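Asks: According to this note's numbering, the sequence shown is numbered sequentially starting from 1. This is the structure I want to talk about, given as structure tokens.
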Amino acid sequence: MSQASGFFVTFEGIEGAGKSTLAQGLYDFLSREGWPVKLTREPGGSAVGEAIRAILANPDFKEITPLTEVLLLSASRSQLVEQFIRPQLGEGNIVICDRFSDSTRAYQGFGRQVHQREIGELADMCTWGVKPDLTLLIDIDPELGLGRVRTRSVQSLTQMDRFENMDFGFHERVREGFLEIAQDEPARFRILDGHLEKDVLLGKVIQIVSKEISRIIPHPHKLTFDRTMLE
Ligand code: TMP
Numbered sequence: 001m002s003q004a005s006g007f008f009v010t011f012e013g014i015e016g017a018g019k020s021t022l023a024q025g026l027y028d029f030l031s032r033e034g035w036p037v038k039l040t041r042e043p044g045g046s047a048v049g050e051a052i053r054a055i056l057a058n059p060d061f062k063e064i065t066p067l068t069e070v071l072l073l074s075a076s077r078s079q080l081v082e083q084f085i086r087p088q089l090g091e092g093n094i095v096i097c098d099r100f101s102d103s104t105r106a107y108q109g110f111g112r113q114v115h116q117r118e119i120g121e122l123a124d125m126c127t128w129g130v131k132p133d134l135t136l137l138i139d140i141d142p143e144l145g146l147g148r149v150r151t152r153s154v155q156s157l158t159q160m161d162r163f164e165n166m167d168f169g170f171h172e173r174v175r176e177g178f179l180e181i182a183q184d185e186p187a188r189f190r191i192l193d194g195h196l197e198k199d200v201l202l203g204k205v206i207q208i209v210s211k212e213i214s215r216i217i218p219h220p221h222k223l224t225f226d227r228t229m230l231e
């Protein structure tokens, strides 16, 4: 474990994999069960980070270079880790983060072809020693994932963002990148099939995370029970 007391779980995957819905579903479930849990996202999660996210997503900024992208993402991450993730873990909370450093390795490393060594050095600098305890990779065919994103953007009458607009080959490289990263660290990663029905997938996520956290953090219902016994 990389942090004193809490538990850090991250969701990763390409566009349209469904990870944000799953992260929210997991958060709702754990909160209802009384676990001390927080939900955040990257890029963003802090006021500064959300402003950086708006720059990164802006489809008018086509000229953003791959290295500039890494630096902006790193700035957002550094702010979020120092301001939010590390203190929350220090207090013994479960932190769920929608994307983290693996996204930079997959998108900017495999997708935009920035050298992994440079990405790794910046990641070491801006994560302040914090590493996910568990990472759920939601794997999906890019054709299906991008199809979902297109439908969403038509239905909500919003523009696709700068990443969503990247060519198909980019998204294929990102998917392959994620799978390679996961294979290198099998103890941390669980790969889940993003083609499964939403409820089935959420059930699997809840099962995996509940098992992992109950090894580390006392179950809230157990605490209530123990207190009653003492009265
Ligand atoms: P999303 O998480 O809502 O899909 O949007 C975030 C976008 O930012 C997504 O297109 C992936 C991209 N991104 C990177 O390219 N590198 C990163 O390190 C992170 C955190 C996100």
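The beta-carbon is built from N, C-alpha and C at its ideal position, and this holds for glycine as well. The model shown is predicted, which means the values in this text are computed figures rather than measured ones.
Does the beta-carbon of K19, which I'm using as the reference point, lie nearer than 8 angstroms to any heavy atom of the ligand TMP?
Replies: Taking the sequence shown and counting its residues from 1, the one referred to as residue 19 is at position 19. K19: yes, Cβ under 8 angstroms from the ligand TMP.
Asks: Leaving out the 5 sequence neighbours to the left and right, which residues in its chain are closer than 8 angstroms to H171 when beta-carbon positions are compared?
Replies: Within the sequence shown, the letter at position 171 stands for residue 171. For H171, where only same-chain residues beyond five positions count, the Cβ hits under 8 angstroms are I14, E15, G111, P142, G145, L146.
Asks: In the DSSP output, what is I138 paired with across the bridge?
Replies: By one-based count along the sequence shown, residue 138 stands at place 138. Paired residue(s): G13, L192.
Asks: Can you list, in chain order, the residues of its chain whose CB lies under 6 angstroms from that of R188, leaving out five sequence neighbours each side?
Replies: Taking the first residue of the sequence shown as position 1, residue 188 is located at position 188. Cβ neighbours of R188 beyond the five flanking positions: T135.
Asks: Cα separation between L56 and D28?
Replies: Here residue 56 is taken as the residue at index 56 of the sequence shown, counted from 1. Here residue 28 is taken as the residue at index 28 of the sequence shown, counted from 1. Looking at the two C-alpha atoms, the distance is approximately 28 angstroms.
Asks: So what does DSSP say about T104, is it helix, strand or coil?
Replies: Taking the sequence shown and counting its residues from 1, one reaches residue 104 at position 104. In this structure, T104 counts as helix in the three-state DSSP scheme.
Asks: Using DSSP with H/G/I as helix, E/B as strand and the rest coil, what is D226?
Replies: Working through the sequence shown from its first residue, we reach residue 226 at position 226. With a pLDDT of only 48 at D226, under the threshold of 50, the placement of this residue in the model should not be trusted, and no figure is reported.
Asks: Across which residues does DSSP place W95 in a beta bridge pair?
Replies: The sequence position of residue 95 within the sequence shown is 95, counting from 1. This sequence places Val at residue 95; Trp is not what is there. According to DSSP, V95 bridges with F8, K38.
Asks: Here's the rule: buried if 16 or more other CB atoms are within 10 angstroms of the residue's CB, otherwise exposed. What is D133?
Replies: Here the question's residue 133 lines up with position 133 in the sequence shown. Its Cβ being crowded by 16 or more others within 10 Å, D133 is buried.
Asks: Measuring CB atoms only, is the segment 115-127 touching the segment 151-167, in the sense that at least three cross pairs come out at less than 8 angstroms?
Replies: Three or more Cβ pairs closer than 8 angstroms define a contact, and the segment 115-127 falls short of that threshold against the segment 151-167.
Asks: Which residue comes first and which comes last in the alpha helix (DSSP H) that contains M125?
Replies: Numbered from its first residue, the sequence shown carries residue 125 at position 125. Unbroken alpha helix (DSSP H) run through M125: 116-126.
Asks: With H219 as the anchor, note down where its alpha helix (DSSP H) starts and where it stops.
Replies: Residue numbering aside, residue 219 sits at position 219 when the sequence shown is read from its first letter. Premise fails: H219 is in no alpha helix (DSSP H) and is neither H nor E.
Asks: Where do the N-terminal and C-terminal ends of the alpha helix (DSSP H) with L201 fall, by residue?
Replies: Counting from 1 along the sequence shown, the entry for residue 201 is found at position 201. Run containing L201: 198-214, per the alpha helix (DSSP H) assignment.
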